[in-house]
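End of the sequence shown = 980 in full-length UniProt numbering, gap-free, step of one.
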Amino acid sequence: MKPPGKEEGRRRRVMKTPAQQPEVEDLLLQADSQDFHKPFIRTFIDQEANTIMAPEGMANAASYKAEDCAARLDVIMGDITSRLKKVPTIVRDIYQRLSFITDVSAKHRLDNTLQEMTLAQPHDVVVTLLRCAPSCDRTAEKVLPELLYVLEDWPLHSTSTSDKDDSDVFSLAATRALWEIIHLPQCPEMMILYFPRLFVALLFQVFSSTEEMPVEVNAFWRRCQHKHCLPTNPNRFALLTMKALLSHLECEDVVSEVERECGWDTLLNTDTHHHTMGLLARAMLRISQSLCYRIARYLFRLLCREEARWEVAAMAFLVEILPCINIKQSGEHMLRLFPIYLRRECRVMRLLVLRCLMVLCKRSSMANTIRALTECLTEVLKDGDREVVWMTLSVLNGTFLNRDVPIASSVALQLVEALRPLFDNHTSRVRLLSIRLFQAVMELVKEEEKNLLERNIRQCLFPLFCHLHDENQFVAQVPTIVRDIYQWLSFITDVSAEHRLDNTLQEMTLAQPHDVVVTLLRCAPSCDRVAVTMWRAIILSSRTAEKVLPELLYVLDDWPLHSTSTSDKDDSDVFSLAATRALWEIIHLPQCPEMMILYFPRLFVALLFQVFSSTEEMPVEVNAFWRRCQHKHCLPTNPNRFALLTMKALLSHLEYEDVVSEVERECGWDTLLNTDTHHHTMGLLARAMLRISQSLCYRIARYLFRLLCREEARWEVAAMAFLVEILPCVNIKQSGEHMLRLFPIYLRRECRVMRLLVLRCLMVLCKRSSMANTIRALTECLTEVLKDGDREVVWMTLSVLNGTFLNRDVPIASSVALQLVEALRPLFDNDASHVQLLSLRLFQAVMELVQGEGKRPLKDCMHQCLLPLFYHMYDKNKFVAEASWETLLQATIFLKKWNLEKLLKTEELWRFGECLLEEERDRADGYLRQSVMYLQSPQKSMREAAIRLIGEPKPSGSLLPYCSLVPAPAAGLSPLVVLP
């Protein structure tokens, strides 16, 4: 970035927009009417020079108290002339004054004045502040917008303020200011708006400050470092500021992901920083495509300036986000830059540009524009780099293949001349692509211009004839070649000769990974010595490993057989266990691919799934296959144990031995092989892995959740057990709603363990206010669960419902309330006191949340609850007794039974039953039937209360004699004598 000239800087700052002109004129008219201020202002201005030269004396003088200072500045701000011409002087004066103030409360008295000046003259305020305090001490943390102009000029920003001061400003001074602003308790929300530009400016500074710096910048940074204990290298400080900016804007996942890949250190190296830029782009894409697009816009503008020191990094970012954005606006302009970068003698930049073109050539709207680059791409075909040539051919093939647009003879001639040497290239895929492009060129040349190419075409005939039997035809024959290689290697005894076809295998895998993997699994499902040799050759390259692992995963995920077809029309099934055998060997290779880290969560879930699936009865052909494997390779008798060994090997290979050891200590691995207990090990596994990496557990949980959606009964309990453990530590905004839609399905299952696990999930989620409304939608389903006979299930369901309705001001529908009240009434008599307490609390909450006309349908049910609540006031558990009294009191208010309410409040409890029978004579028989049950209560106090109530004088109008309501005495109880 070239800094603007000083004169240009002055013009940019002093010019006012047309919208601002009337406002300035109005302020000048106001200033003319305030002549009485002018003598005082002149006195203040005359003193300013002395003020700045002698700050120490000023700080101690009584005339420079904060109140006087504020008053004088307010007068100055009232005069528009002073405001426009003296802002830098005022800023310096405020800075000097604040430097000597020790009273913290006095520091904020001039905040409004600073803010008003910043609105009027932001440029002068920012630049002056950066000049006064380039190392950004404690008194200079107030402004943002103009910082970007300084940040973007490296190493010095040339500008001028309204007081004619045109001294340069350090770009690093703006970085220091930005660091402090980010760490303010109330960091401005405008950071979000300016984030893309700030992010790009800091990136630019990281790259620029990595190189050698001017002497004055070095001297300035040494002072900053000494004063504030900053990093030795300014590039590392710029990097820290960028990470702080990301964290402040809640992009901690991006920071963590780059940290895990050791990308931040790579960013400080000019030879490798483009790798981190790609990693950054991929991480940020997962958060927001629109954010990446905004960043890309600024990167693209800066690319147009052709800054060699960081253009590779900018292109690395653009390449990653290109497939996800619409580049209609800048696409044409971007493509005009590509010839410049393709002609650079920089391999990395060429590869990046070609990657962009490989994406763009697939878009029909960009075809004509890319075709204009043919001449430049033809020159690139002469590059000696195999990958550059292959990618260039891919772009040209994508541009001309299956297109009906004629090609000019001059362009065709250049292409044919460039393609002919490539027929003999030692890389088969280059030969293949060059021949295909040659065919397309011959088809697209206009008929009348073909004679111009005749001589060149004739020169190509012999090389093409030589390749008639070349393996360039292997695209449709990959399975045959793989089988032939396997057979050939089976008869070779010379170990050194085994690797002669490694390159061929790798090239075929890059071209047709599905055919290679599936054919090899069919040839050698038990993975013998020859198959291991071939897997080693394929996995040796990180590029082929990246292609192979997803194909293996497709087979692993399908139990017991994977149905697929290869290009030779072979559609025979592949054993899922064959992929497990291959994975076992790949893990134990001396050079196991690093791509395992990327695919670990999916591999881990696939192996777990296989452990659970192979524990059950297997098809006959799978049993027969496994017996052959066992006999040949001395494997465990049961395939589930082998899948478990593979999973442990995968954990150990990725340095998670602590997880393996922790589960081993708890004897968890054997438990995993039992369908009745494997959920215990899943919980143990989740807790162990949480201690290592929360993000890793979250990635595993995402795959488990996808598989839960399939409702696979054989392992859904285990998947839920894992999710329960990590749920408190993860943010489930994306999948939370969908997850809750699955819960009713699992709650209705007749599986106690699954019910308990789902309820544990809900107990966590109901504490999150964002999930309250969603969980409330499950009320009907949870009400059904309250009828479960299992004490623990009922207690957890009540806990979820209490968490959902207690302390919430959201009204509840009468239909829902009625269902709840009917389900809660029997729970008042539950054997477990904690169930009783929770049911009573929920009952109270329901009464509070039902409003208006919704109360009427509940009255009958409420009447039925009065007597049970009355008896439980005599419960031996004082907490239950107290809660019953509170609930009964609330019920009497709900039913507007004021006499009964009064009795409860005056503690005349013994009269409550009598009054209830008197007031509700038409319900008396029902109440007495309810009382009979309490005659056999195990609690003496409740039996006595029932006896007292049944023995009360019979109210007139009673239909049944009391003695007919009393059952035969229970064992151990004396017969009751009930007086008529």
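Every residue gets a Cβ at the ideal spot worked out from N, C-alpha and C, and that includes glycine. If you're wondering where the values come from, they're calculated on a predicted model, not measured in any experiment.
Out of curiosity, what's the CA-to-CA distance linking residue i and residue j?
i: residue 241; j: residue 782; result: 50 Å
i: residue 705; j: residue 606; result: 13 Å
i: residue 94; j: residue 146; result: 19 Å
i: residue 624; j: residue 526; result: 12 Å
i: residue 698; j: residue 726; result: 7 Å
i: residue 433; j: residue 515; result: 19 Å
i: residue 679; j: residue 718; result: 4 Å
i: residue 752; j: residue 792; result: 10 Å
i: residue 941; j: residue 849; result: 33 Å
i: residue 926; j: residue 948; result: 17 Å
i: residue 371; j: residue 392; result: 13 Å
i: residue 906; j: residue 823; result: 31 Å
i: residue 816; j: residue 917; result: 29 Å
i: residue 519; j: residue 210; result: 50 Å
i: residue 772; j: residue 764; result: 11 Å
i: residue 593; j: residue 634; result: 26 Å
i: residue 954; j: residue 787; result: No answer about residue 954 holds up, because its pLDDT of 44 lies below 50 and its placement is not dependable.
Are residue i and residue j close, meaning C-beta to C-beta below 9 Å?
i: residue 542; j: residue 595; result: yes
i: residue 366; j: residue 335; result: yes
i: residue 422; j: residue 373; result: no
i: residue 452; j: residue 536; result: no
i: residue 540; j: residue 506; result: yes
i: residue 530; j: residue 572; result: no
i: residue 779; j: residue 801; result: yes
i: residue 673; j: residue 611; result: yes
i: residue 580; j: residue 643; result: yes
i: residue 128; j: residue 92; result: yes
i: residue 252; j: residue 246; result: yes
i: residue 296; j: residue 203; result: no
i: residue 777; j: residue 740; result: yes
Go ahead and pull the three-state DSSP assignment for residue i.
i: residue 207; result: helix
i: residue 561; result: strand
i: residue 181; result: helix
i: residue 588; result: coil
i: residue 156; result: strand
i: residue 407; result: strand
i: residue 575; result: strand
i: residue 548; result: helix
i: residue 912; result: helix
i: residue 170; result: strand
i: residue 445; result: strand
i: residue 261; result: coil
i: residue 833; result: helix
i: residue 776; result: helix
i: residue 533; result: helix
i: residue 844; result: helix
Between residue i and residue j, how many whole angstroms is the CB-CB distance? I'm expecting something under 8 Å.
i: residue 353; j: residue 315; result: 7 Å
i: residue 619; j: residue 560; result: 6 Å
i: residue 689; j: residue 659; result: 6 Å
i: residue 162; j: residue 214; result: Rounded, the Cβ-Cβ distance is 27 Å, inconsistent with contact.
i: residue 720; j: residue 754; result: 6 Å
i: residue 151; j: residue 175; result: 7 Å
i: residue 923; j: residue 934; result: Incorrect: roughly 17 Å between the Cβ atoms, too far for contact.
So is residue i buried or exposed if we call it buried at 16+ other beta carbons inside 10 Å?
i: residue 235; result: buried
i: residue 311; result: buried
i: residue 879; result: exposed
i: residue 865; result: buried
i: residue 218; result: exposed
i: residue 123; result: buried
i: residue 715; result: buried
i: residue 320; result: buried
i: residue 810; result: exposed
i: residue 192; result: exposed
i: residue 872; result: buried
Is the closest heavy atom of the ligand NAD to the C-beta of residue i under 8 Å?
i: residue 796; result: The ligand NAD is not part of the structure shown, which contains no ligands of any sort.
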